[in-house]
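Step one of this worksheet: look at the structure below.
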């Protein structure tokens with residue numbers, strides 16, 4: 002149930018983000034989610050795409066510094082407290098969250114969230130046991 006996330010190291014230069022998205026688009030790779038964390042000199046672009054292995058290879062061939070990381074995708078009720086319930090499950094098991102971000106999907110009344118946690122397999126087990134929907138990689142890549 003782990004989902005592959007592509008991380009791209011980008012210099013803070015005009016056009017670099019556009020270059021990544023153009024490279025992916027021209028290779029028919031669809032972006033479902035993205036997050037960018039930056040400093041003065043560089044940024045880390047995190048992407049969930051429909052073809053992660055292809056994206057990783059194409060971006061590397063295009064000269065980008067790329068890595069692939071396993072993350073967890075969950076669906077929570079799109080209502081006040083929906084996310085809190087999932088985070089409380091992880092907290093109760095002392096599973097730390099390194100980062101998280103939301104993404105757009107074709108669902109109704111659910112918010113979709115990407116989590117990078119310290120113990121992904123244990124996190125998936127506890128979330129599932131507590132009736133938090135953990136999406137499979139196939140479900141995510143089809144969104």
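Residue numbers (the working numbering): 2 to 144. Where is the CB? At the ideal position from N, CA and C, for every residue including glycine.
Whose C-alpha, out of the options, is nearest the C-alpha of residue i?
i           : options            : result
residue 7   : 98, 82 and 37      : 37
residue 141 : 71, 91, 88 and 28  : 71
residue 118 : 143, 83, 81 and 75 : 75
residue 79  : 110, 33, 18 and 27 : 110
residue 43  : 13, 56 and 134     : 13
residue 157 : 21, 32 and 96      : Given that the chain is displayed from residue 2 to residue 144, the structure contains no residue 157 and the question cannot be resolved.
residue 69  : 48, 84, 81 and 85  : 48
residue 124 : 89, 82 and 53      : 89
residue 130 : 15, 32 and 93      : 93
residue 104 : 32, 23, 24 and 17  : 32
Would you identify the three-state DSSP class for residue i, choosing helix, strand or coil?
i           : result
residue 92  : helix
residue 119 : coil
residue 144 : coil
residue 23  : helix
residue 129 : helix
residue 30  : coil
residue 12  : strand
residue 138 : helix
Indicate whether residue i and residue j have their beta-carbon atoms separated by less than 9 angstroms.
i           : j           : result
residue 59  : residue 10  : no
residue 116 : residue 144 : no
residue 134 : residue 50  : no
residue 35  : residue 100 : no
residue 30  : residue 3   : no
residue 67  : residue 57  : yes
residue 91  : residue 136 : no
residue 52  : residue 138 : no
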